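Residues 80 to 216, numbered by this note's numbering, are exactly what the sequence shown covers, in order. We put the CB at the ideal spot given by N, CA and C, even for glycine. Note that the coordinates shown come from a computational prediction; the quantities given were computed from them, not determined experimentally. Remarks on the structure that follows.
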Amino acid sequence: MAEGSTKKFLYINRKAPHGSIYALESLEVVLIGAAFEQDVSLAFLDDGVFQLAAGQDTSGIGSKNFSKTYRALGDYEVRKLYVERESLAERGLSEGDLMPITYEDEDDDYAEKPSIHLVDRAEMARLIRDADVVLSF
80 MAEGSTKKFL
90 YINRKAPHGS
100 IYALESLEVV
110 LIGAAFEQDV
120 SLAFLDDGVF
130 QLAAGQDTSG
140 IGSKNFSKTY
150 RALGDYEVRK
160 LYVERESLAE
170 RGLSEGDLMP
180 ITYEDEDDDY
190 AEKPSIHLVD
200 RAEMARLIRD
210 ADVVLSF
């Protein structure tokens, strides 16, 4: 890879959103990577799928609810959020249980498009294999 060229970064999120620092730290690192104009994607598998669940309420656990930050990722050119179908199903969730996260496509008259892409385990394995840099949280 030539010096100065864009690398494909994949941030893997496997932990539930609350009860540890992993989910919030991943989000902060993603924003830093995006600021350096890298090709940033996020993968959500295992309990990490709960990070994108709609209607999160942290008032009873004394934790900051940072879930709304995911909706701002499109403003940072982070538009590829891959969610493993099997992880959703194993946790009794479906695509309808996830937050609606979109971005405005400037190449298509600023049409809103979905950032969340459901993939199966085989496709997730390919995404991980094809990334230049993989960081797991």
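Buried or exposed by the 16-neighbour rule on C-beta atoms within 10 Å, applied to residue i
| i | result |
| --- | --- |
| M80 | Note that M80 scores 47 on pLDDT, short of 50, meaning its location in the model is unreliable; the coordinates nonetheless yield the value given after this. Answer is exposed; the Cβ neighbour count stays below 16. |
| K192 | exposed |
| R205 | exposed |
| G175 | exposed |
| A168 | exposed |
| I91 | buried |
| A190 | exposed |
| A122 | buried |
| R200 | exposed |
| A102 | buried |
Spatial distance of residue i from residue j (CA atoms)
| i | j | result |
| --- | --- | --- |
| S84 | I100 | 31 angstroms |
| R170 | I140 | 21 angstroms |
| T181 | H97 | 23 angstroms |
| Q135 | E116 | 30 angstroms |
| D187 | A151 | 19 angstroms |
| K86 | A113 | 11 angstroms |
| R208 | F88 | 11 angstroms |
| F145 | D211 | 28 angstroms |
| R158 | S142 | 26 angstroms |
| E183 | T148 | 16 angstroms |
| A95 | D118 | 25 angstroms |
Test item: CB-CB of residue i and residue j under 7 angstroms
| i | j | result |
| --- | --- | --- |
| S138 | F216 | no |
| F162 | L197 | First, the residue type needs correcting, since residue 162 is Val and not Phe in the sequence shown. Cβ distance < 7 angstroms, so V162 and L197 count as in contact. |
| M178 | L131 | yes |
| V128 | S166 | yes |
| R164 | L124 | no |
| I195 | L160 | yes |
Checklist entry - Taking only runs of the alpha helix (DSSP H) that begin and end inside the segment 100 to 142, which ones reach a length of at least 4 residues, in chain order? => result Fully enclosed alpha helix (DSSP H) runs of 4 or longer: 101 to 114.
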